[in-house]
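Residue numbers (full-length UniProt numbering): 1 to 164.
See the structure below:
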């Protein structure tokens, strides 16, 4: 799917529902449910560059929604992850690999995972399931969300302006 197609499909959604749909999609994605949060953030950034949305609001909504959605995913994983393991929706060897990844990479793992499609949606849920210490999670989440919003919220607007 081309970027032009994504922009064409998502622009009317943002024009009709604005910051609400951006917040909802980004938060849902952060909770571990696949949604077009990142794509909407990029399109919202492009709309802001053309004066149709406010870039500061796009960044604020993107950051807050991502942080809250990620935190909810973490809390759900921490509180109810044992059910997923018990029902064998998550295999013991997968849980062990998750523990090893978090032990090895910690905050850096959260940051890197924000940029890996297919992993970013489930990392916060996984951190909760693996019982990552809350302080470490919140630090990693803060850093990861900030970098993610700068890359996908600021860069598209800046590049659009630079390319004319």
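Idealized CB from N, CA, C, for every residue including glycine. What you are looking at is a predicted structure, and each value in this text was computed from that prediction instead of being measured.
Distance, Cα to Cα, residue i vs residue j?
| i | j | result |
| --- | --- | --- |
| residue 41 | residue 67 | 14 Å |
| residue 11 | residue 113 | 27 Å |
| residue 160 | residue 51 | 12 Å |
| residue 83 | residue 145 | 28 Å |
| residue 81 | residue 149 | 28 Å |
| residue 3 | residue 56 | 23 Å |
| residue 90 | residue 17 | 36 Å |
| residue 88 | residue 118 | 20 Å |
| residue 132 | residue 70 | 13 Å |
| residue 20 | residue 61 | 9 Å |
| residue 103 | residue 49 | 40 Å |
| residue 154 | residue 100 | 33 Å |
| residue 38 | residue 53 | 16 Å |
Spatial neighbours of residue i within its chain, please: C-beta separation below 6 Å, excluding the five flanking residues on both sides.
| i | result |
| --- | --- |
| residue 7 | 43 |
| residue 72 | 31 |
| residue 151 | none |
| residue 137 | 74 and 127 |
| residue 177 | Nothing can be reported for residue 177, as the shown portion of the chain is limited to 1 through 164. |
I'd like the list of long-range same chain contacts for residue i, defined as Cβ closer than 7 Å, with 5 residues on each side in sequence excluded.
| i | result |
| --- | --- |
| residue 34 | 121 |
| residue 23 | 61 and 65 |
For residue i, which residues of its own chain have a beta-carbon under 8 Å away from its beta-carbon, when the five flanking residues on both sides are left out?
| i | result |
| --- | --- |
| residue 168 | What is shown of the chain runs 1 to 164, which leaves residue 168 out entirely. |
For chain D, find out if any of its Cβ atoms is closer than 8 Å to the Cβ of residue i; answer yes or no.
| i | result |
| --- | --- |
| residue 5 | In the displayed structure, chain D is absent; only one protein chain is listed. |
Worksheet item: Does the region 118 to 131 come close enough to the region 75 to 90 that 3 or more CB-CB pairs lie under 8 Å?
Response: yes
Discussion item. Does the structure place the region 139 to 156 close enough to the region 97 to 110 that three or more beta carbon pairs sit under 8 Å?
Written reply: yes
Worksheet entry | Whole beta strand (DSSP E) elements within the region 59 to 111, 3-residue minimum | none
Discussion item. I'd like the ranges of any alpha helix (DSSP H) spanning at least 4 consecutive residues and lying wholly in the region 3 to 59.
Written reply: 3 to 30 and 37 to 49
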